[in-house]
Every structure is written in C-alpha cells, then in structure tokens.
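For reference, the structure is listed below as structure tokens.
2 protein chains.
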Amino acid sequence: MDIEQHKIPQATAKRLPLYYRFINNLHSQGKQRVSSKELSEAVKVDSATIRRDFSYFGALGKKGYGYNVEYLLSFFRKTLDQDEITKVALIGVGNLGTAFLHYNFMKNNNTKIEYAFDSNADKVGTEIGGVPVKHIDELEDMVKGDITAAILTVPSAAAQGITDRLVQSGVSGILNFTPARITVPEHIRVHHIDLSIELQALVYFLKHYPLEAGEEQEE
Amino acid sequence: MDIEQHKIPQATAKRLPLYYRFINNLHSQGKQRVSSKELSEAVKVDSATIRRDFSYFGALGKKGYGYNVEYLLSFFRKTLDQDEITKVALIGVGNLGTAFLHYNFMKNNNTKIEYAFDSNADKVGTEIGGVPVKHIDELEDMVKGDITAAILTVPSAAAQGITDRLVQSGVSGILNFTPARITVPEHIRVHHIDLSIELQALVYFLKHYPLEAGEEQEE
DNA sequence: GGCAGATTGTGAAAAACTTAACGACTATCT
DNA sequence: AGATAGTCGTTAAGTTTTTCACAATCTGCC
Ligand SMILES: NC(=O)c1ccc[n+]([C@@H]2O[C@H](COP(=O)([O-])OP(=O)(O)OC[C@H]3O[C@@H](n4cnc5c(N)ncnc54)[C@H](O)[C@@H]3O)[C@@H](O)[C@H]2O)c1
Ligand SMILES: NC(=O)c1ccc[n+]([C@@H]2O[C@H](COP(=O)([O-])OP(=O)(O)OC[C@H]3O[C@@H](n4cnc5c(N)ncnc54)[C@H](O)[C@@H]3O)[C@@H](O)[C@H]2O)c1
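Quick mapping for you: the protein sequence lines, in order, are chains A and B. Quick note: the first sequence uses this note's numbering, first residue 1, plus one each step. Quick note: the second sequence uses this note's numbering, first residue 1001, plus one each step.
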C-alpha cells in the first residue's frame, strides 16, 4: 500500500482533504453524481488538475458520466484514513490556541485534540472545548506513545524548546503557528503556518501583481 | 516599476516577507553581514534558492563577502512597501477573529486592522486589541475607498454573502479563513487559509510520506 | 439499437520552481 | 604576496506541477 502511495505528487496530496470535504458536502445534499467541471467550480481547482489528481488512484470515474459521489466518498474516506482517529496535542493555550480548542476539528476530520498544555497555572486544570488543559511539565508523560502530532501556539521564544521536548516524546509532525522557524531531526515533519506572512504576502500581491482577466488564484 | 516586478516568480514573492522578518531580526541583533548559508539555516530555505530569489532584484550582495544586513533591510523595506500602511478590515469577531484582533499585526508589518465587523449586537461597540467593532450593517460605509483587504472569519454559511459586499465596497484582496471556497470577480485576489485542511494534510503526510534522511520539508 | 452529446483518463507540452555547479570575487592569515 | 577559505550571481540541469487537447467510451434518449 505504501509503495504505490509514494507515487502521488505532494501537490495532489495537499488537495485531497479539500476534495474530501466537498464530496462529503455533495453527499449530504443527496447528490448522486458529479463531473470534474462541477467540482472544479466548487473547489476552485482546474478541472484537468482534478481529473489528473483522481487518476493517480486509478479510474474512479466513468467516461460520459462523471464520478459517482457515493463511490468517491467511500474511496476518499478509505484513502484519507477517516476511520481511524489521529490524536493531536496543542501547546500554548493563548489567544490562538484557545480559538482552536473551541473549534471542533473532529467535524469532517479524522483528528482529535486530546490534550492542551500551558505553563500558566490559571489555565491548567480547566477544560476548553472539551479538551483538558494540562501543565506543560506533564507534556512528556501524556504525549509519549499516544500522540502523533502537535499544534504549536506558544510564544515564538518558547517554540524551539517545546519542539525539542515534543520530538523527544515521539511526536512525528508539528503544525507550527509561531513565527519561529524551528529545527527538528530529519524524520520529523513540520508545516509552518505563518499568519503575519500570509497577510503581508497578500498585500504584496495586491500591489505588485494586479490581477488581469483570466489570471490565477493562490492557495 | 511594476512591469519589471512582474518577472518575480510567485513562489519568490511569498518568501519575501519571511526574509524581511529575519533580516530585521539580524539587524536588531546588531549583525553587520550575513551569508545565504546562514540565512538558509535560519529560514529553512535552500541557500541557492535564497541567492536566486535575491538575484531577481539585482545584485544585492558581494561575491566572497555575503550581504550587508543594513542594505538588505533597507532594500526589503522599500520593496515590501513597509513605509506605507495598508488598511485591513476583519469580518467575524468570533473565536478566530478575536484571536487575530488581540495579535498585533502591525509589529514587523505594514498592515493595520482598522475595523472589525460583526452581526452580534453584544460585540458591536466594544474594542478588542485597540480595534473598534462595528455592526456589519456599517460595512459598506466604513470600508468604501479606505480599506484595501479583508480578513474573513465568519461562519462559512455567511462567507459568500459577506464576500459580495466586500467586493462591492472596493476591497481588492481577501484572506479567507472559512472552509467555503468563495467566488469573486477576476480582479479580486483571494488567499485561502484552511486550518482543518492543513491539519488533515499534515496527518496524511505523516502516514503516507514518512520522511527519510535528506528529504524535504513543506511550507 | 443506434446516435448525439458529455466526460473521462492521459500523452505530451508547457510552465513553474528548485537545485547543482562553477567562475569570479573578497577577506584574512601566514 | 600568495595561499586558503569562503561567497555571490548565474547558467544550466533537474524536478514537479499544471495545462492542453483529444481519442476512447459511456450515457441518455429516441
Ligand atoms: N494570535 C494571533 O492572531 C497570531 C497571529 C500570528 C501568529 N501568532 C503566533 O502564535 C503564537 C501564539 O500567539 P497567541 O496570540 O496565542 O499568544 P498568547 O501569548 O496569547 O498565548 C501563548 C500561550 O502560551 C503559553 N506559554 C508560554 N510559554 C509556554 C511554555 N514554555 N510552555 C507552554 N505554554 C507556554 C502562555 O501561557 C499563553 O497561554 C505566537 O507565537 C504568535 O506569534 C499568533
Ligand atoms: N476557530 C478555529 O479554530 C477555526 C479553525 C478552522 C476554521 N475556522 C473557520 O473560521 C471561521 C470562524 O470560526 P470561529 O471559530 O471564529 O467561529 P465563531 O462562530 O466563533 O465566530 C463567527 C463570528 O462571526 C459572526 N457572524 C456571523 N454571521 C455574521 C455575518 N453575517 N456578518 C458578520 N458577522 C457574522 C458571529 O457573530 C461570530 O462572532 C469559520 O468559518 C470556521 O469554519 C475556525
């Protein structure tokens, strides 16, 4: 299973959850079939790209017909491992961390925030959005063996230190919201989401890349 | 100025704010010069890529020496228009919106959230993080002519409706945090930041693309 | 049963992006 | 002064991703 999976381009892999969500929507609406063109309009991805993406998994559709929503859904559910839940920890229950805890990532999602951690005694012991907030000293004990990935929303000065501890505790992926570019061993995957940079980049594009008719949109 | 700017690859443009931030840090630390290799370690971008990126703007460095931090900083400040402030509005003062309001985007940044808007009467009239919260009915009046971009943090059901009103009011860029893929006229730029998808994609990569020594990290 | 129209899957081309490699140059040490 | 250890800018190669365009083939209808 894993050998063939490796053939799937990373760009495609990143779009899979997006496809999954929209197929899910269609299914809830009772739609039976969908074409790459329709899907394209909904998710704002070129229809040829969608067909190409799907084709990496074999022939999911039927010529002249399109894709069967039910079949597509069950296929993606399997492919995205929607049936097993991945446990996640969140570190840093501040403004951003609290917002995430209130948000139910489980909805349409195979991930669950099991624990949150903070160094602030006022927050420890509370429960936010159904997630218990633990003291950061308990990090290693709670995470070890159980938690696959971590969401990092601590102040940037603390980012590297916490990262090292997460790595020590066996976490294999980190979603880093701090502006710090953290250093990790090679087998650990880090995705950076840098909100200030996103905003600045948008503004830069507005000024320097005025959109003409027919131009591209970004992710 | 704009004609030549268009030669800069989008991938490069997205990295500029990142470079700017780190150059700023170096400058604060009193560092005089920096090499592409050092910068590479700090921002986790290949040093060849950095040299290539910088070279789109001409010869910013000196062979055998590196880059002068002071010069680099002033160059990027100019290029990223750090001297003029771009006014931004935030729509939807919920969990996520509130977190953003508390965060000072002005710090190291040329953007300022001028107003926030919400439909909830309890929130209207308050001030969060120094930003006044207005009623959504005032959107058109406040935004018109004054605001360049908007941060969208409303429930996804409201996203398209608010988007249409933003477009009507002359906003030219939207940072969309809702899962809805909004439709806009061609001259409007939308960047989607879809946090659920980011988390799901990370998990997918962990399962299907285990990192070997020497492999790549994602943004 | 057959035909018009729709839509896929994909080969091939193009575009976009990254990386390697190296000539030219700087700074510093002996 | 000459040797040594960097370092840039850039050319060229490599890689990844997107897009075009169309034969193959299925649907839906008559
Ligand atoms: N809030 C935003 O909109 C926003 C935007 C962009 C980036 N960020 C980044 O996200 C991160 C969090 O931002 P925030 O606004 O939520 O900050 P915050 O100060 O509100 O929250 C940080 C939390 O981390 C906790 N903390 C501090 N040190 C800790 C440690 N060593 N171990 C465990 N917990 C610790 C604090 O007690 C606090 O609760 C920051 O790095 C910030 O730069 C935030
Ligand atoms: N909170 C998260 O961590 C998170 C994560 C991923 C995605 N999102 C997305 O971000 C968006 C906001 O999430 P949230 O958790 O902040 O939701 P929320 O419900 O806490 O906040 C939404 C806010 O928008 C306001 N609102 C509703 N309709 C409005 C309208 N027509 N005009 C103006 N304001 C209106 C509400 O009063 C509320 O204050 C949602 O689309 C959500 O899916 C949030």
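Just so you know, even glycine gets a beta-carbon here, dropped at the ideal spot from N, CA and C.
Check: Between F76(A) and T163(A), what straight-line distance do the alpha-carbon atoms span, to the nearest angstrom?; Outcome: 32 Å
Check: T1126(B) CB to nearest chain A CB: under 8 Å?; Outcome: no
Check: Could you tell me which residues DSSP pairs with I1173(B) in its beta bridges?; Outcome: What sits at residue 1173(B) in the sequence shown is Gly, not Ile. Paired residues: A1149(B) and R1189(B).
Check: Find out if the Cβ-Cβ distance for the pair F205(A), A1011(B) is shorter than 8 Å.; Outcome: no
Check: So, does the CB of D83(A) fall closer than 8 Å to a CB anywhere in chain B?; Outcome: no
Check: State yes or no: is the C-beta of Q32(A) within less than 8 Å of the C-beta of V69(A)?; Outcome: yes
Check: Please identify the residue among H1027(B), G1030(B) and V1043(B) whose C-alpha is closest to the C-alpha of R1015(B).; Outcome: V1043(B)
Check: Just the Cα atoms here: how many angstroms apart are S1047(B) and Y1020(B)?; Outcome: 16 Å
Check: Can you tell me which residues form a DSSP beta bridge with I1085(B)?; Outcome: For I1085(B), which the question treats as bridged, DSSP gives no partner whatsoever.
Check: Just to confirm before moving on: does the CB-CB distance between L101(A) and P17(A) stay below 8 Å?; Outcome: no
Check: Would you mind telling me which residues of chain A sit closer than 9 Å to I1193(B), beta carbon to beta carbon, in chain order?; Outcome: I193, L195, E198 and E219
Check: Check R181(A) in the structure and name its three-state DSSP category.; Outcome: coil
Check: Relative to chain B, which residues along the stretch 57-68 of chain A have a C-beta separation below 8 Å, given in chain order?; Outcome: none
Check: In the DSSP assignment, find the alpha helix (DSSP H) that holds F205(A) and state where it starts and stops.; Outcome: L195 to H208
Check: CA-CA distance, K1134(B) and S1119(B)?; Outcome: 9 Å
Check: Give the DSSP-derived three-state secondary structure of Y1067(B) in the structure shown.; Outcome: strand
Check: Examine ligand 1 and report whether any of its heavy atoms sits within less than 7 Å of the Cβ of H102(A).; Outcome: no
Check: Cutting at 8 Å between CB atoms, please list the residues of its own chain near L191(A), excluding the five before and the five after it.; Outcome: Sequence inspection shows His at residue 191(A); the Leu mentioned does not correspond to that position. Correct list, in chain order: G173, I174, L175 and N176.
Check: Note down, in chain order, every chain A residue with its Cβ under 8 Å from the Cβ of T1111(B).; Outcome: L199, Q200 and V203
Check: List the residues of chain B that T86(A) touches, going by C-beta distances under 7 Å, in chain order.; Outcome: V1203
Check: Run through DSSP, which three-state label would Y1020(B) get?; Outcome: helix
Check: Given the structure, does V43(A) come close to ligand 2, in the sense that its CB is under 7 Å from one of the ligand's heavy atoms?; Outcome: no
Check: Let me make sure I understand the geometry here. Which of L1152(B), T1098(B) and I1147(B) has the alpha-carbon closest to that of T1126(B)?; Outcome: T1098(B)
Check: Find the nearest neighbour of L1090(B) within the set E1084(B), K1062(B), V1045(B) and L1166(B), judged by alpha-carbon distance.; Outcome: L1166(B)
Check: Would you decide whether E186(A) is buried or exposed? Buried here means 16 or more other CB atoms lie within 10 Å of its CB.; Outcome: exposed
Check: When Cβ atoms are compared, which residues of the stretch 125-150 of chain A fall closer than 8 Å to chain B?; Outcome: T148 and A149
Check: Is N95(A) close to ligand 1? I mean its beta-carbon at under 7 Å from any heavy atom of the ligand.; Outcome: yes
Check: What's the gap between the Cα of I85(A) and the Cα of F1057(B)?; Outcome: 47 Å
Check: Anything in chain A within Cβ reach of A1011(B), meaning under 9 Å, just list it in chain order.; Outcome: By Cβ distance, chain A contributes nothing, its closest Cβ being about 10 Å from A1011(B), past 9 Å.
Check: Less than 8 Å between the CB atoms is what I'm expecting for R181(A) and L1211(B), so what's the real figure, rounded?; Outcome: That belief does not hold up - the Cβ atoms of R181(A) and L1211(B) are roughly 17 Å apart, past 8 Å.
Check: Can you tell me which residues form a DSSP beta bridge with T111(A)?; Outcome: T86(A)
Check: Can you tell me where the alpha helix (DSSP H) holding K1062(B) begins and where it ends?; Outcome: That residue, K1062(B), is in no alpha helix (DSSP H); it is neither H nor E in DSSP.
Check: Pull up the distance between the alpha-carbon of K1207(B) and that of E1138(B), whole angstroms please.; Outcome: 47 Å
Check: If I follow the unbroken beta strand (DSSP E) through V131(A), where does it start and stop?; Outcome: V131 to H135
Check: Are the beta-carbon atoms of G1064(B) and F1054(B) separated by less than 8 Å?; Outcome: no
Check: Under 8 Å between beta-carbons, which chain B residues line up against L175(A)? List them in chain order, please.; Outcome: E1198, L1199 and L1202
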